[in-house]
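Novice: In our numbering, the protein residues as written are 68 to 426.
Heads up, the beta-carbon is just placed ideally off N, CA and C, and yes, glycines get one too.
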Amino acid sequence: RGNLLIEQIASSFRIAELLAMTRRTVFEEIKKESSLIRILVIFLIIAVGIYLFQIAWQILGNFSDIIIILISAWLLSFILEPVVDKISSLTHLPRILSTTITYLLISAILAAGIFLFIPIVNSQIQSLTSITPKVLETAPKFIAGWSEQLTKYLNNSISVIASVAQFLFSVFIVLILSFYFIVDKERINKEFFDLTPKKWHKNLEFIENVINSTFASFLRVQVIFGIISGISTWIVLRVLGVDFAATAALLAGVFAIIPLVGPFLAIIPPVFVAFLVNPTIALFIFVIILVIQQIIFNVIGPKLLGKAFKLHPVVILISFLVGAKIAGSVGAIFAIPVIGIAAIVIRKLGHHFLISNKE
């Protein structure tokens, strides 16, 4: 009887252990399924968001000029606001005076660029337009095949530069709007918050801080990339005595602003003009510019960006491709910071969700 009792007790323990193991297995499976469901829901939300954004972009395409002006003013205010804050802290002037000083300096630099740099670029583009077909006639057939398209592109560039009045008007509107965005930032934020429920304010403030720290930092770094690339390209071409240095430097600086592919696109203008003027030096310039671009984007770039995004390179590449597909070059430029902001917000919401479940 004693042995039978011991066996029954042991059997009971084994049954209890099996039940506990079964319960743990069931809970683990439920957790796995719930995690999978959450991941699928996140991907579904992202897909729906992309689809809705694409529809909205198509609808707003009729107002593209106005939207570009508003976005440009908003971005300019992001770039210049730290300068305004610095001037205000050093001089202890009111914000409106610090903003006025900043914009007077920007206007002076812009005017100098328009009256000194643009005529040079215009004349160089005209020269390029005239010599490009002649040079490409003697080039291999695979190069000569797109000479006509290139000439048309250069002619379009001339027509764009010729409409200086429209360009100046747009720049003037951008400066005025961005001026008010900086001066009246607090009031604009207050009016926006007044339109939303009070319980949203904490999350909205968090999102605003994320946008300011992530998006603005990314934008400033990309502009710095463009400036450094443009100046370094101009110096290299001038030192080597290559013509059309101003045009190549301007295009290289603009291309360098584009994420991921910018460093490669920025190499094309200087190498192309070198090929037109002196083909033997084109390879040498390619190597020099490539080394400079590697230093800018692989040495200086990580130090400037720091740990702003914390995204896997695959995610960055996919976001770049999706942004380019939806909104062209504008989408390509801003897809990465937008995804970075979304990732930070999702992590914050996920953390908040876990805390709520524990409570």
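1) Please name the residue in I176, F234 and T166 whose C-alpha comes closest to that of I135.
2) Given a cut-off of 8 Å, decide if G390 and A409 are closer than it, judged by their beta-carbon atoms.
3) Buried or exposed, going by whether 16 or more other CB atoms sit within 10 Å of the CB of W213?
4) Which value, in whole angstroms, describes the spacing of the CA atoms of T300 and L271?
5) With a CB to CB cut of under 8 Å and the five nearest residues on each side skipped, what residues in its chain are close to V290?
6) How many Å lie between I406 and A312 at the Cα?
7) Excluding sequence positions up to five away, which residues of its chain have a Cβ less than 8 Å from the Cβ of I355?
8) Along the chain, where does the alpha helix (DSSP H) containing T167 start, and where does it finish?
9) When you compare each of F182, P404, A178 and I122 to I278 by their alpha carbons, which one comes out closest?
10) Tell me which residues share the same chain as S237 and place their Cβ nearer than 7 Å to its Cβ, disregarding the 5 neighbours each side in the sequence.
11) Determine the contact status of E307 and I348, defining contact as a CB-CB distance below 8 Å.
12) Quick check on the DSSP output: the alpha helix (DSSP H) that includes A316 runs from which residue to which?
13) When you compare only the Cα positions, how much space is there between D261 and H268?
14) Report the CB separation of L143 from V241 in whole angstroms; it is logged as a contact under 8 Å.
15) Tell me where the alpha helix (DSSP H) around W301 begins and ends.
16) Please list, in chain order, all residues of the same chain as F322 whose beta carbon is under 6 Å from its beta carbon, the five residues on each side excluded.
17) In angstroms, rounded to a whole number, what distance separates the CA positions of N365 and L317?
18) Have a look at Y170 and G398 and give me their C-alpha separation to the nearest angstrom.
19) Determine, using beta carbons only, whether P326 and F282 come nearer to each other than 8 Å.
20) Expressed to the nearest angstrom, what Euclidean distance is found between the alpha-carbon atoms of N276 and N345?
21) Assign P149 to one of two classes, buried (16 or more other C-beta atoms within 10 Å of its C-beta) or exposed (fewer than that).
22) Quick check: the Cα distance between K153 and R162, rounded to an integer number of angstroms?
23) Let me make sure I understand the geometry here. Which of F351, L343 and A315 has the alpha-carbon closest to that of P337?
24) Comparing alpha-carbon positions, which option in I385, V382, G395 and G293 lies nearest I363?
25) Quick one: measure Cβ to Cβ for L286 and A140, integer angstroms, because I've assumed they're closer than 8 Å.
26) Taking Cβ to Cβ, would you say Q360 is nearer than 8 Å to S296?
27) Can you name the start and end residues of the alpha helix (DSSP H) that D30 belongs to?
28) Between the Cα of F20 and the Cα atoms of Q125, I413 and L111, which residue gives the shortest distance?
29) Since S165 and S174 are thought to touch, with beta carbons under 8 Å apart, how far apart are those beta carbons, to the nearest angstrom?
30) Rounded to the nearest angstrom, what separates V250 and L343 at their Cα positions?
31) For L18, I'd like the list of residues in its chain whose CB is within less than 8 Å of its CB, leaving aside the five on either flank, ordered along the chain.
32) Might you give, ordered along the chain, the residues of its own chain that have their beta carbon closer than 6 Å to the beta carbon of V309, omitting 5 neighbours on each side?
33) With F353 as the anchor, note down where its alpha helix (DSSP H) starts and where it stops.
34) Quick one: what does DSSP say V241 is sitting in, helix, strand or coil?
Specialist: On the basis of the data shown:
1) Stepping through the sequence shown from its first residue, residue 135 is reached at position 68. Comparing Cα-Cα distances from I135 to each of I176, F234 and T166, the minimum goes to F234.
2) By one-based count along the sequence shown, residue 409 stands at place 342. By one-based count along the sequence shown, residue 390 stands at place 323. No, the pair does not count as a contact, with Cβ atoms beyond the cut-off.
3) Taking the first residue of the sequence shown as 1, we reach residue 213 at position 146. Confidence at W213 is low in this model, with a pLDDT of 48, below 50, so its placement is unreliable and the value that follows should be read with caution. Around the CB of W213, fewer than 16 other CB atoms lie within 10 Å, so the residue is classed as exposed.
4) Start at 1 with the first residue of the sequence shown, and residue 300 comes out as number 233. Start at 1 with the first residue of the sequence shown, and residue 271 comes out as number 204. Roughly 42 Å between the two C-alpha positions.
5) Position 223 of the sequence shown, counting from 1, holds the residue named residue 290. Residues of the same chain with a CB within less than 8 Å of the CB of V290, apart from the 5 flanking positions on each side, are I146 and I324 in chain order.
6) Here residue 406 corresponds to residue number 339 of the sequence shown, with the count starting at 1. Here residue 312 corresponds to residue number 245 of the sequence shown, with the count starting at 1. Rounded to whole angstroms, I406 to A312 spans 36 Å at the Cα level.
7) Here residue 355 is taken as the residue at index 288 of the sequence shown, counted from 1. The residues are V303.
8) Translated into the one-based positions of the sequence shown, residue 167 becomes position 100. In the DSSP annotation of this structure, the continuous segment of the alpha helix (DSSP H) that includes T167 starts and ends at R162 to A179.
9) Here residue 278 refers to the residue found at position 211 when the sequence shown is read from its first residue. Out of F182, P404, A178 and I122, P404 has the C-alpha closest to the C-alpha of I278.
10) On the sequence shown, residue 237 is found 170 positions in, with the first residue counted as 1. Closer than 7 Å at the Cβ level, and outside the excluded window around S237, lie I136.
11) For this step, residue 307 is matched to residue 240 along the sequence shown. For this step, residue 348 is matched to residue 281 along the sequence shown. Checking the displayed sequence, the identity of residue 307 turns out to be Leu instead of Glu. When the beta-carbon positions are compared, L307 and I348 come within less than 8 Å of each other.
12) Position 249 of the sequence shown, counting from 1, holds the residue named residue 316. DSSP places A316 in the uninterrupted alpha helix (DSSP H) bounded by A312 to A323.
13) Taking the first residue of the sequence shown as position 1, residue 261 is located at position 194. Taking the first residue of the sequence shown as position 1, residue 268 is located at position 201. Near 9 Å, if we compare the C-alpha coordinates of H268 and D261.
14) The count along the sequence shown starts at 1 and reaches residue 143 at position 76. The count along the sequence shown starts at 1 and reaches residue 241 at position 174. In this structure L143 touches V241 by the C-beta definition: roughly 6 Å separates them, less than 8 Å.
15) Reading the sequence shown from its first residue, position 234 is the one you call residue 301. For W301, the enclosing alpha helix (DSSP H) starts and ends at A283 to V306.
16) Here residue 322 corresponds to residue number 255 of the sequence shown, with the count starting at 1. The residues are G329, L332 and A333.
17) Indexing the sequence shown from 1 puts residue 365 at position 298. Indexing the sequence shown from 1 puts residue 317 at position 250. For N365 and L317, the distance between alpha carbons rounds to 22 Å.
18) As a position in the sequence shown, residue 170 is number 103, starting the count at 1. As a position in the sequence shown, residue 398 is number 331, starting the count at 1. Cα to Cα, the separation comes out at about 28 Å.
19) By one-based count along the sequence shown, residue 326 stands at place 259. By one-based count along the sequence shown, residue 282 stands at place 215. Not in contact: P326 and F282 (Cβ atoms no closer than 8 Å).
20) Taking the sequence shown and counting its residues from 1, one reaches residue 276 at position 209. Taking the sequence shown and counting its residues from 1, one reaches residue 345 at position 278. Near 51 Å, if we compare the C-alpha coordinates of N345 and N276.
21) Here residue 149 is taken as the residue at index 82 of the sequence shown, counted from 1. A residue is called buried when at least 16 other Cβ atoms come within 10 angstroms of its Cβ; P149 does not meet this threshold and is exposed.
22) As a working mapping, residue 153 is identified with position 86 in the sequence shown. As a working mapping, residue 162 is identified with position 95 in the sequence shown. So the alpha carbons of these two residues sit roughly 10 Å apart.
23) Along the sequence shown, one-based indexing puts residue 337 at 270. Nearest C-alpha to P337 among F351, L343 and A315: A315.
24) Stepping through the sequence shown from its first residue, residue 363 is reached at position 296. Of I385, V382, G395 and G293, the smallest CA-CA separation from I363 is found for G293.
25) Mapped onto the sequence shown, residue 286 falls at position 219. Mapped onto the sequence shown, residue 140 falls at position 73. In this structure L286 does not touch A140 by the C-beta definition: roughly 13 Å separates them, more than the 8 Å allowed.
26) Here residue 360 refers to the residue found at position 293 when the sequence shown is read from its first residue. Here residue 296 refers to the residue found at position 229 when the sequence shown is read from its first residue. Yes; because the gap between Cβ atoms is below 8 Å, this pair is in contact.
27) Beyond the ends of the chain as shown, which are 68 and 426, falls residue 30; an answer cannot be given.
28) Nothing about residue 20 can be reported from this structure: the residues present for the chain run from 68 to 426 only.
29) In the sequence shown, counting from the first residue as 1, residue 165 sits at position 98. In the sequence shown, counting from the first residue as 1, residue 174 sits at position 107. 15 Å between Cβ atoms; not a contact.
30) On the sequence shown, residue 250 is found 183 positions in, with the first residue counted as 1. On the sequence shown, residue 343 is found 276 positions in, with the first residue counted as 1. Cα to Cα, V250 sits roughly 48 Å from L343.
31) The structure shown does not extend to residue 18, since the chain is modelled only from 68 through 426, so no value can be given for it.
32) Residue numbering aside, residue 309 sits at position 242 when the sequence shown is read from its first letter. Contacts found: A341 and V344.
33) Here residue 353 corresponds to residue number 286 of the sequence shown, with the count starting at 1. P346 to I362 is the span of the alpha helix (DSSP H), which, as asked, contains F353.
34) Translated into positions along the sequence shown, residue 241 becomes position 174. Of the three classes helix, strand and coil, the one that applies to V241 here is helix, per DSSP.
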